[in-house]
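Below: the structure, in structure tokens.
Numbering (my numbering), first residue to last: 2 to 308.
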């Protein structure tokens with residue numbers, strides 16, 4: 002069963018949002034539900050059109066809403082391997098795009114917001130401004146979907162910093178892996194000691210010994226942390242990675258690339274700024290540089306604090 006029973010998915014009729022809708026339909030189906038689909042007409046664009054065309058066209062909003070519904074019917078019918086999409090109703094809102102998506106998620110008590118990672122622009126890496134804004138502001142978990150990741154996720158990388166938020170993310174990753182039949186990898190990135198005097202072999206030996214001890218301690222702590230997730234792990238045997246890197250975000254991105262991870266799961270603490278998320282600027286780095294889909298897991302108390 003899916004851990005999410007109320008899913009909102011945003012669409013802008015782009016190729017990436019088509020994959021997001023397909024993932025939302027698939028995930029909702031695992032819990033016997035249907036996702037709610039929302040399209041947000043940007044307020045600034047609409048008001049600018051009204052200013053330029055009025056009084057020649059006095060019903061801009063009505064026309065746009067009507068045309069968007071027609072576009073959705075055609076768009077939904079073309080999403081590969083997702084015949085149920087065509088039967089979903091489209092909710093249309095006129096607002097800032099990020100605010101509109103978040104308001105819809107909040108008003109429907111969604112526990113997962115699904116959006117395409119790239120929107121109507123498609124760089125090879127990173128997340129678009131709307132996707133990033135949803136991670137910053139949404140009252141629920143957010144799944145950023147890559148257009149390259151159709152169907153079930155096969156290799157999942159859970160990021161751990163030993164916080165309560167990371168514990169919740171770890172549980173979500175384990176449930177995803179068990180349900181999807183995916184390989185689960187768990188990573189903790191730490192910073193060892195570098196040798197500022199590489200010519201000194203005696204210093205290097207001492208640093209190597211110290212780093213080996215640190216690595217062993219980190220691994221022991223990671224084992225204990227995973228044990229706390231207990232009930233989420235039956236039938237799931239994770240592969241553990243303790244990575245020595247100067248940047249946590251870089252370590253995660255490089256590990257995900259090496260593993261071919263199609264989903265990165267990380268916990269957030271943030272309320273309005275990505276620099277309040279997992280390990281400071283780590284989530285910002287992962288959002289900016291990753292080629293994977295990303296599940297950003299909110300602390301349990303986040304939605305209550307925002308309501």
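Note that beta-carbon positions come from the ideal geometry of N, C-alpha and C, so glycine has one too.
Boundaries of the alpha helix (DSSP H) in which residue i is found, first to last residue
{"i": "residue 17", "result": "16-31"}
{"i": "residue 215", "result": "202-229"}
{"i": "residue 105", "result": "98-108"}
{"i": "residue 311", "result": "Residue 311 lies beyond the residue range present for the chain, which begins at 2 and ends at 308; the question has no answer from this structure."}
{"i": "residue 261", "result": "Here residue 261 belongs to no alpha helix (DSSP H), and DSSP marks it neither H nor E."}
{"i": "residue 283", "result": "283-290"}
Whole-angstrom C-beta distance between residue j and residue i, which should lie under 8 Å
{"i": "residue 155", "j": "residue 174", "result": "In fact, because the Cβ distance is near 13 Å, the residues do not count as touching under 8 Å."}
{"i": "residue 41", "j": "residue 9", "result": "In fact, because the Cβ distance is near 11 Å, the residues do not count as touching under 8 Å."}
{"i": "residue 117", "j": "residue 244", "result": "Wrong, their Cβ atoms sit about 29 Å apart, outside the cutoff."}
{"i": "residue 263", "j": "residue 291", "result": "With a Cβ gap of about 11 Å, residue 263 and residue 291 do not count as contacting."}
{"i": "residue 24", "j": "residue 99", "result": "Contact doesn't hold; Cβ gap of about 20 Å is too wide."}
{"i": "residue 6", "j": "residue 12", "result": "Residue 6 to residue 12, Cβ: 21 Å. No contact."}
{"i": "residue 249", "j": "residue 283", "result": "4 Å"}
DSSP-derived helix/strand/coil call for residue i
{"i": "residue 297", "result": "strand"}
{"i": "residue 142", "result": "strand"}
{"i": "residue 172", "result": "helix"}
{"i": "residue 268", "result": "strand"}
{"i": "residue 148", "result": "coil"}
{"i": "residue 180", "result": "helix"}
{"i": "residue 92", "result": "strand"}
{"i": "residue 130", "result": "helix"}
Where the beta strand (DSSP E) containing residue i begins and where it ends
{"i": "residue 43", "result": "37-43"}
{"i": "residue 66", "result": "Run containing residue 66: none in the beta strand (DSSP E); it sits in the alpha helix (DSSP H), 61-78."}
{"i": "residue 161", "result": "Unbroken run through residue 161: none, as it is neither H nor E."}
{"i": "residue 184", "result": "184-191"}
{"i": "residue 34", "result": "Taken as a continuous stretch (DSSP letters only), residue 34 belongs to no beta strand (DSSP E), as it is neither H nor E."}
{"i": "residue 240", "result": "240-245"}
{"i": "residue 9", "result": "8-11"}
Spatial neighbours of residue i in its chain, beta-carbon cut-off 6 Å, leaving aside the 5 residues before and after
{"i": "residue 103", "result": "138, 139"}
{"i": "residue 239", "result": "185, 187"}
{"i": "residue 246", "result": "190, 252"}
{"i": "residue 211", "result": "194"}
{"i": "residue 165", "result": "none"}
Neighbourhood of residue i by C-beta, 7 Å cutoff - its chain only, sequence neighbours within 5 removed
{"i": "residue 30", "result": "none"}
{"i": "residue 26", "result": "36, 83, 85, 86"}
{"i": "residue 172", "result": "230, 233"}
Same chain, Cβ closer than 8 Å to residue i, neighbours up to 5 away in sequence not counted
{"i": "residue 14", "result": "40, 72, 73, 76"}
field: Any 3 or more C-beta pairs closer than 8 Å across the stretch 199-213 and the stretch 254-273
entry: no
- Message: With three or more C-beta pairs closer than 8 Å as the rule, is the stretch 66-81 touching the stretch 102-112?
- Response: A contact is defined here as three or more CB-CB pairs under 8 Å, and the stretch 102-112 fails this definition with respect to the stretch 66-81.
query: Counting Cβ pairs closer than 8 Å, one from the stretch 291-303 and one from the stretch 178-194, do we hit at least three?
result: Touching, no.
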